[in-house]
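Residue numbers (this note's numbering): 390 to 663. Note that the Cβ used here is the ideal one computed from N, Cα and C, for glycine as well. The model shown is predicted, which means the values in this text are computed figures rather than measured ones. So the structure is just underneath, and the comments pick up after that.
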């Protein structure tokens, strides 16, 4: 999950009222809080299992990108990640999957600055921007990745329209995100009306639950050892992180929340790649 939107989830977990309109200042503030509390996390999503132990401590989080990459080859592609957060996913796409160039976009300028300091280099850049008004020309990218971000958007249809605009004709949107079970039909309808064609759709909730369980001890250790985290925040942070026993974990385990993965083809009406 991206740094800023991760902070948004944390804010909701803490019980703060959050409105989608006009919260740029809030996003930046909560980004600073996330940087303070989660500085050891380079890639914040709920993960995918199985994942090889050789991939390191964040193997489940990076494994979600690896899973998506199975649905659309990334080698030599121009890739945009919308909601790039802490930057670890974008860096992984570049270095592990051989993308030609990767651009990470996040709503929070402070999140972008932190990602630049952590990962910026040849073939990798981070820029601020809004998912519903992408600051790129038509047909600028071959693949767009969106991980655990769209559920925070006030206008998913606008994001999908922008995603299709910036993709080439043969471009693909790789989307992984969750919804409450009763909201799944709304997401499917938004996709159906977007002009994208569904090349792949799977409910990967069992794999996400397995990742949460496999990664539970590591995350708890990082949270419990964090001197910057006051005791009264630990329970909502466990929820935010999907730790076992938290409402978030129980929602996934029980099926109240469903985690979906899509590969969506931009299709006709887009310009061909140069």
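(request) Assign residue 652 to buried or exposed, taking buried as 16 or more other Cβ atoms, counted over all protein chains shown, within 10 Å of its Cβ. (result) By the 10 Å Cβ count, residue 652 comes out buried.
(message) Rounded to the nearest angstrom, what separates residue 628 and residue 477 at their Cα positions?
(response) 22 Å
(message) Given a cut-off of 8 Å on the beta-carbon distance, is the pair residue 583 and residue 549 in contact?
(response) yes
(message) So within the stretch 626-660, which uninterrupted beta strand (DSSP E) runs reach at least 3 residues, ignoring any that extend past its ends?
(response) 646-654
(request) Compare the Cα-Cα distances from residue 349 to each of 486, 530, 509, 607 and report the closest residue. (result) Residue 349 falls outside the range modelled here, since the chain spans only 390 to 663, and no answer is possible.
(message) Taking only three categories from DSSP, how would you classify residue 610?
(response) Reduced to three states, the DSSP call for residue 610 is helix.
(message) Whole angstroms are fine: how far does the CA of residue 624 sit from the CA of residue 543?
(response) 27 Å
(request) Compare the C-alpha of residue 514 against each of 521, 539, 526, 482 and name the closest. (result) In terms of CA proximity to residue 514, 482 leads the group 521, 539, 526, 482.
(message) Using the Cβ count rule (16 or more neighbours within 10 Å means buried), how would you classify residue 569?
(response) exposed
(message) What does the alpha-carbon distance come out to for the pair residue 459 and residue 466?
(response) For residue 459 and residue 466, the distance between alpha carbons rounds to 14 Å.
(message) By alpha-carbon positions, which one of 454, 626, 500 ends up nearest to residue 534?
(response) 454
(request) Taking all protein chains shown into account, decide if residue 587 is buried (16 or more other Cβ within 10 angstroms of its Cβ) or exposed. (result) exposed
(request) Could you pull out every residue in the same chain whose Cβ sits closer than 6 Å to the Cβ of residue 469, ignoring the five residues on either side in sequence? (result) Within the same chain, residue 469 has close Cβ partners 492, 530, 533.
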